[in-house]
Amino acid sequence: PRPSLRPRVLLKAPTLAEMEEMSISEEEDSP
Amino acid sequence: KAKQTPALPKEYLGMLEYKREDEARLIQNIITDLKPKGVVVNVIPTLPAFILFMCVRHADYLNDDNKLKSLMNGIIQGVKKVVVAHHKDFESLSFWLSNTYRLLNCLKQYSGEEQFLKQSTPRQKKNCLQNFDLSEHRQILSDLAIQIYHQLISIMQKMLTPAIVPGMLEHESLQGISSMKPTGFRKRSSSLYNDLETYTISSILQELSMFYSAMSQHGMEQSLTKQAVKQLFFLIGATTFNQIMLRKDMCSCRKGMQIRCNISYLEEWLKENELQSCGAIDTLRPLAQAAWLLQVNKSTNEDAKEIAEKCTELNPVQIVKILNSYTPIDDFEKRVTSSFVRQVQSFLQEYEGATQLMLDTDYRFQVTFPFCPSSTALESLQVPSSLHLEFLTRI
C-alpha cells in the first residue's frame, strides 16, 4: 500500500517537438 | 535435521524489472519486432500491453522518474514506428490498436484516480502506481490510438470498397427477379465469386467476418470493434446510395428488392455476431428508404403523401432524383409522371435541411475510447519464452 498519501508527481511527457526530434534521431541511428 | 518446511510459494507483485541498458531490447522484442500471429496463437493477445505496464509499475515503484520517462517515450515511439512500418497491414494495425488501448486502460485503472477504481478488486487497488501521475502520457497514447484507429479504418475500407457496388447493387441473387431478365436462367451462387468472377453480397459478408474475427482474436475491446463495424456499414450504405443517385439503370423496382434483400443479409450478419446494438444498421437507413422508394407505388396523391412522410432520411433533391431516374423494367409499368413529382415536392415544402445529392463516403464518426478495466491479475501473468524477454525479472 502507498507509504503516504502524498500526491503522485506528474511525469512530464515530451512535447510534440521533442517527439519529432526523437523520431528523427532514431531514424538517423537505425542502419 | 529439522524437517524442512516447504518453501512458501513466492508471492509475486505483478511487476517486471529490467536494467536500463535492456530498455531498447525490450521495446524491440515486445513492439517493433513482434509478430502478431505468434502472440495471438499461443498467449493472451494483449499480453504485450500488460508486460509493458508491469515494467512501468516497476520503474514507478523505484521512484525513478528518468527510467519511467525513458520507458514511456520508448513505448510511444516504438508503437509509432511499428504502425508506420506496417501502415498497410490490417493485422498489425488491429493488433497494435488493441494493445495500445489495453495499455491506456491499464494506465487509467492503476492510476489511483478514484474514477478508475470502481471496478477494481482490492488486490488491483493495491497494485496502483505509487509515485507518478502519467496522465500526460495517457493523452499522447490516446491520440496515438485515434491515429491507429483511423489508419485501420482506411485499410479496411480500401479492402472492402471493390466489393460494395457489385455486391450490393449489380449482382442479382434473387431467383424470382433474375428470371424476369430475358437472359435466361441464372444459377444461384453462394461462392465468393460467381461464374463471372464478380463480387456478390457474400463477398462483403466474408470480408466483414474476416475483419471482425481478426479484431476479436487481437483482444480488441467490443466497444471499439463496434465503432469500426458501424463505420464500415456507413461506407457500404453511402457508396451504394451514391450509385443509385448516379445510375438510372439502378433505379428500378427490381433493384429496390435486391437492395432490401442485401440489407437483410447485413442485418443477419450483425445478429450472428451480436452487433445489433452498435448502430451499424441505422447508417443504412438512407439506402433502405431509397430501396423502399423504388418499390412503392408512385401514382396517386396518397402515394405522394406517404413518400414525403416515410423518406425521413432523404432530402427533396434526392427523392426527386430517384423519382426522375426511375426506369420501369417492362412496358406494363408506367414511368413516374412529372405531375406526380410535383405532388411529392408540394408535401416537402417545409423541408429546411441540407440539399446535397450525394452522401460523403469519407465521413468518419468520432471514435471514443471508453474506460474498460480488465479483471486480469497482474501478479499471475508470466512472460512466455517465445517473446524473448529473458532479461526481464518477475517481481
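Chains as they are written, first to last, in my numbering: chain A, 2 to 32; chain B, 1142 to 1536.
Just so it is clear, CB atoms sit at the ideal spot from N, CA and C, and this is done for glycine as well.
Taking Q1490/B as the reference, give the member of N1456/B, L1500/B, S1480/B, A1518/B with the closest Cα. Of the candidates N1456/B, L1500/B, S1480/B, A1518/B, the one whose C-alpha sits nearest the C-alpha of Q1490/B is N1456/B.
Residue range of the alpha helix (DSSP H) that includes R1401/B: Segment 1394–1413, the alpha helix (DSSP H) holding R1401/B.
Going straight from the alpha carbon of S1283/B to that of N1438/B, what length do you get? Cα to Cα, the separation comes out at about 51 Å.
When burial is assigned at 16 or more other CB atoms within 10 Å of the CB, is I25/A buried or exposed? Counting the other Cβ atoms within 10 Å of the Cβ of I25/A gives fewer than 16, which makes it exposed.
One question on the structure: do P1525/B and Q1260/B come within less than 7 Å of each other, judged by their Cβ atoms? In this structure, Q1260/B does not lie closer than 7 Å to P1525/B by Cβ.
How would you list, in chain order, the residues of chain B whose beta-carbon sits under 7 Å from the beta-carbon of E29/A? The contacting residues do not exist; E29/A stays about 14 Å from chain B at best.
Could you pull out every unbroken alpha helix (DSSP H) segment of at least 4 residues lying fully inside the stretch 1258–1320 of chain B, listed in chain order? If we require 4 residues or more, the alpha helix (DSSP H) runs fully inside the stretch 1258–1320 of chain B come out as 1263–1267, 1276–1306, 1316–1319.
So which residues on chain A does K1221/B lean against when the C-beta distance must stay under 8 Å? Under the 8 Å cutoff, chain A gives S24.
Neighbour-count burial assignment, S1332/B, 16 or more Cβ in a 10 Å radius: Caution is warranted here: a pLDDT of 47 is assigned to S1332/B, below 50, making its placement in the model unreliable, and the coordinate value is therefore given only provisionally. Classification for S1332/B: exposed.
Since T1241/B and L1193/B should fall inside the 8 Å C-beta cutoff, what is the C-beta to C-beta distance between them, to a whole number of angstroms? Approximately 10 Å separates the beta-carbon atoms of T1241/B and L1193/B; this is outside 8 Å, ruling out the contact.
I'd like to know whether the C-beta atoms of G1378/B and T1341/B end up nearer to each other than 7 Å. For the 7 Å CB-CB criterion, G1378/B and T1341/B do not form a contact.
Would you be able to state if there are at least three C-beta pairs under 8 Å between the stretch 1170–1186 of chain B and the stretch 1218–1227 of chain B? By the criterion of at least three beta-carbon pairs nearer than 8 Å, the stretch 1218–1227 of chain B is in contact with the stretch 1170–1186 of chain B.
With distance defined between alpha-carbon atoms, name the residue in Q1436/B, S1440/B, L1154/B, D1423/B nearest to R1401/B. Selected option, being the one with the closest Cα: Q1436/B.
Return the residue from the list R1264/B, L1248/B, E1232/B, M1398/B that minimises the CA-CA distance to E1277/B. Closest option to E1277/B, Cα to Cα, is L1248/B.
For Q1112/B, which residues in chain A fall below 8 Å Cβ to Cβ? Residue 1112/B cannot be examined here, being either before or after the span of chain B that is shown, 1142 to 1536.
Give the straight-line distance between the Cα atoms of R1329/B and L1301/B, rounded to the nearest whole angstrom. Low per-residue confidence applies at R1329/B: pLDDT is 44, beneath 50, and the placement is therefore not dependable, though the value from the model is reported in the following sentence. C-alpha separation (whole angstroms): 23 Å.
Beta-carbon neighbours of G1253/B, restricted to chain A and to distances below 7 Å: Per Cβ cutoff of 7 Å: R9.
Evaluate R1483/B with the Cβ neighbour count: other Cβ atoms within 10 Å of its Cβ, from every protein chain shown; 16 or more gives buried, anything less gives exposed. Counting Cβ neighbours within 10 Å, R1483/B comes out exposed, since fewer than 16 surround it.
Assuming L1310/B contacts M1391/B (C-beta within less than 8 Å), just tell me the rounded distance between them. Confirmed, Cβ separation roughly 6 Å.
Are the stretch 1381–1388 of chain B and the stretch 1411–1418 of chain B touching by the rule of at least three beta carbon pairs closer than 8 Å? At 8 Å Cβ cutoff, the stretches do not touch.
Kindly indicate if chain B contains any beta-carbon less than 7 Å away from that of L12/A. For L12/A, the closest Cβ of chain B is nearer than 7 Å.
Would you tell me roughly how many angstroms separate the C-alpha atoms of D1230/B and I1289/B, rounded to the nearest one? Cα atoms of D1230/B and I1289/B: separation of roughly 11 Å, rounded to the nearest angstrom.
Assuming R1426/B and E1454/B are in contact, meaning their beta carbons sit under 8 Å apart, how far apart are those beta carbons, in whole angstroms? Their Cβ separation, rounded to whole angstroms, is 5 Å, which keeps R1426/B and E1454/B in contact under 8 Å.
Measure the alpha-carbon distance for S1516/B versus A1445/B and round it to whole angstroms. C-alpha separation (whole angstroms): 57 Å.
For T1509/B, which three-state DSSP category applies? T1509/B: coil per DSSP, three-state reduction.
Using C-beta distances below 6 Å, list every residue in its chain close to P1186/B, excluding the 5 sequence neighbours before and after it, in chain order. Contacts found: H1359, G1360.
With H, G and I counted as helix, E and B as strand and the rest as coil, what does DSSP make of D1181/B? Checking the sequence, you will find Val at residue 1181/B rather than Asp. V1181/B sits in a helix when the DSSP states are folded into three classes.
Can you give me, in chain order, the residues of the stretch 1187–1220 of chain B that have a beta carbon less than 8 Å from any beta carbon in chain A? Under the 8 Å Cβ criterion, the stretch 1187–1220 of chain B contributes D1206, L1209, K1210, M1213, N1214, I1217, Q1218.
Quick one: any contact between the stretch 1206–1214 of chain B and the stretch 5–24 of chain A, if contact means 3 or more CB pairs under 8 Å? Cβ pair count under 8 Å is three or more, so yes.
Rounded C-alpha distance that separates F1273/B from R1198/B: Going by C-alpha positions, F1273/B is about 10 Å away from R1198/B.
Which term fits Y1504/B, buried or exposed, when burial requires 16 or more other beta carbons within 10 angstroms of its beta carbon? Residue environment for Y1504/B: exposed (fewer than 16 other C-beta atoms within 10 angstroms of its C-beta).
Neighbour-count burial assignment, Q1250/B, 16 or more Cβ in a 10 Å radius: Q1250/B sits buried, since 16 or more C-beta atoms from the chains shown fall within 10 Å of its C-beta.
To the nearest angstrom, report how far apart Q1347/B and T1496/B are at their CA atoms. Rounded to whole angstroms, Q1347/B to T1496/B spans 35 Å at the Cα level.
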